[in-house]
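Engineer: Residue numbers (the numbering used here): 86 to 439. A virtual CB, placed ideally from N, CA and C, is assigned to each residue, including glycine.
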Ligand SMILES: C[S@@+](CC[C@H](N)C(=O)[O-])C[C@H]1O[C@@H](n2cnc3c(N)ncnc32)[C@H](O)[C@@H]1O
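1) Can you give me the Cβ contacts of residue 231 inside the same chain, cut-off strictly under 7 Å, excluding the 5 residues immediately before and after it?
2) Tell me whether residue 232, by its Cβ, gets closer than 8 Å to a heavy atom of ligand 1.
3) Are residue 414 and residue 311 closer than 9 Å when you measure CB to CB?
4) Can you find the residues in the same chain that come closer than 6 Å, C-beta to C-beta, to residue 197, ignoring five residues on each side of it along the sequence?
5) For residue 271, which three-state DSSP category applies?
6) In angstroms with no decimal places, state the Cα-to-Cα distance between residue 394 and residue 422.
7) Anyone know if the C-beta pair for residue 175 and residue 251 falls short of 9 Å?
8) Buried or exposed: where does residue 432 fall if 16 or more other Cβ atoms within 10 Å of its Cβ makes it buried?
9) When DSSP labels each residue in this structure, what does residue 184 get in the three-state scheme?
10) Tell me the start and end of each unbroken alpha helix (DSSP H) in the stretch 315-342 that is at least 4 residues and wholly inside, in chain order.
11) If you run the structure through DSSP and keep just helix, strand and coil, what is residue 201?
12) Is residue 191 a contact residue of ligand 1, with contact defined as CB to any heavy atom under 8 Å?
13) Does the count of Cβ pairs from the stretch 340-359 and the stretch 320-331 closer than 8 Å reach three?
14) With a 10 Å radius around its C-beta and 16 neighbouring C-beta atoms as the bar for buried, classify residue 97 as buried or exposed.
15) Distance check for residue 204 and residue 161, CA to CA, integer angstroms please.
16) If you count every other CB in all the chains shown that lies within 10 Å of the CB of residue 145, and 16 or more means buried, which is it?
17) By how many angstroms is the C-alpha of residue 390 removed from the C-alpha of residue 199?
18) With H, G and I counted as helix, E and B as strand and the rest as coil, what does DSSP make of residue 278?
19) How big is the Cα-Cα spacing for residue 408 and residue 276?
20) To the nearest angstrom, how far is it from the Cα of residue 104 to the Cα of residue 273?
21) Can you give the Cα-Cα distance for residue 207 and residue 417, rounded to whole angstroms?
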């Protein structure tokens, strides 16, 4: 990112194994936003078994405890790499759900969120308050166990966690970063929703991928989830990493928030899915900024009708804002995208929304 308000970002998709992220330097990443394959969820059995064949053996022997522990050991290798590449004051946001499974005749919970928290505690991270988001299941047979008869029925899991960790103490900002931080402010009314501990308003993922195999492999999270986390925990010009990139939702959100990004994905088939979306980025980016502005305008109208005029105004756009911290808000709107080579592209921005 250069001075004079000109924002440019670079993005890189690496088809490779994030247990060794050789392409990423020590302490070069400001934020990690990711969702790993969830241990003990059946759709990931094959992948975990390919990472360590002992996992396949444990599953065949119906040894749930061993399989769970071995799966987490594979994830731990990635968390260790995340620790190497993250800068001091950097943040890690991990979206994960717990698993329920009947194995060896016993039904039980495999508490993925708690295993990951434990791991980050061991690495001396500060554990910050997590977010729980509601992920509705419409399956008719979603309730398990003994039906209307007590006491062998089980609660259905319809939420996932966003675990949030910080490396070292609070981040410090140099003068250029301080300026970017002010431009990266979010609206007061967005803060009130984004920083609440339960999100109930995230829409499911639109699975536009026609290919069944790809859809099955994706387990993508909603775009809004990545967009919010990046906006909440990094500033324009930062670099965001996703070691489990999947369909590239994190990279997409990084483009639209004016952050650089790097993603690792084992499965090469996702490269095309991500590259095919690049062409849409300009239009999507303008729509996203316009939507945010529209929602803000509605908020302002209602608020001013109830409480009178707001004291502050956006310097660039002229609309009223609640606090002085929002005065410098600049929306990064994609102006030009240049494909450098397969999996690598650069983005240039303007701040004009209309
Ligand atoms: C839960 S999905 C991520 C979905 C992603 N958040 C999205 O929105 O599309 C996990 C992804 O991690 C990939 N993966 C698993 N282990 C990996 C590893 N060691 N290195 C790189 N990618 C890995 C899987 O192939 C899968 O696509």
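Structural biologist: To lay it out plainly:
1) Around residue 231: 237, 238.
2) no
3) No. Outside cutoff.
4) 123, 124, 181, 183
5) coil
6) 40 Å
7) yes
8) buried
9) strand
10) Listed in chain order, they are 334-342.
11) helix
12) Residue 191 Cβ: outside cutoff for every heavy atom of ligand 1.
13) The answer is yes - the stretch 320-331 touches the stretch 340-359, with three or more Cβ pairs under 8 Å.
14) buried
15) 7 Å
16) Of the other Cβ atoms in all chains shown, fewer than 16 fall within 10 Å of the Cβ of residue 145; this residue is therefore exposed.
17) 46 Å
18) helix
19) 12 Å
20) 39 Å
21) So the alpha carbons of these two residues sit roughly 37 Å apart.
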